[in-house]
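Participant: Sequential numbering of the sequence shown, starting at 36, is according to my numbering.
Yeah, the Cβ is synthetic: ideal placement off N, Cα and C, and Gly gets one too.
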Amino acid sequence: MTSKDSGRISENQPVANANNYFGLQLYKMLAKEGKNVFFSPFSLSTALGMLFYGARNKTMQEMKTVLGYEIANIKDEEIKFFFQQLLFDLECKTEAYTLTYANSMFYQKEFDVREEYKSLLFDFFKAVILEVDF
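Listed below in structure tokens is the structure:
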């Protein structure tokens, strides 16, 4: 690990702490004795992080608690920047491995989605926004 990598890790530590908290809590709920459990806390945290910015009031507060943002002391306006940096860091190519991810939002064509929300998802979560006819 280089000093550059260490800097990235410390920059992303708050969102990593939140993701770890969320993943462990979810695992405790899903785990059953004698059964295997497989899920991606990172993928779920990212998708729910995108949804977080579409929530308001009580729903937003509940999501903040469940997703671990509160326990990691992350302010609402900081979350998107942490995800942006984390996703950028994951794109950095190494010889050791290749990691690919994709984020999308699909919405019913008659549904009105605010442009600033679509822009936020694209800019910070690298999400493709698609209007579809379900």
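To the nearest angstrom, report how far apart Y142 and E68 are at their CA atoms.
Facilitator: Distance between the alpha carbons of Y142 and E68 is about 38 angstroms.
Participant: Less than 8 angstroms between the beta carbons of G176 and F160, yes or no?
Facilitator: Here the chain covers residues 36 to 169 and nothing more, so residue 176 does not appear.
Participant: Nearest chain B C-beta to M95 closer than 8 angstroms, yes or no?
Facilitator: Absent from the structure is chain B; it holds one protein chain and no more.
Participant: Can you give me the C-alpha to C-alpha distance between R91 and D111, rounded to a whole angstrom?
Facilitator: Rounded to the nearest angstrom, the two C-alpha atoms are 11 angstroms apart.
Participant: Express the C-alpha separation of N47 and L121 in angstroms, rounding to a whole number.
Facilitator: Cα to Cα, the separation comes out at about 6 angstroms.
Participant: Return yes when the Cβ of Y88 is within less than 8 angstroms of the Cβ of L155, no when it is not.
Facilitator: Yes, the Cβ-Cβ distance between L155 and Y88 is below 8 angstroms.
Participant: Residues in its own chain within less than 8 angstroms of A82 by CB, not counting five upstream and five downstream?
Facilitator: The residues are N138.
Participant: The beta strand (DSSP E) that contains S139, what's its start and end?
Facilitator: Segment 138-143, the beta strand (DSSP E) holding S139.
Participant: Under 8 angstroms between the Cβ atoms of K144 and V163?
Facilitator: Taking 8 angstroms as the Cβ cut-off, K144 and V163 do not qualify as a contacting pair.
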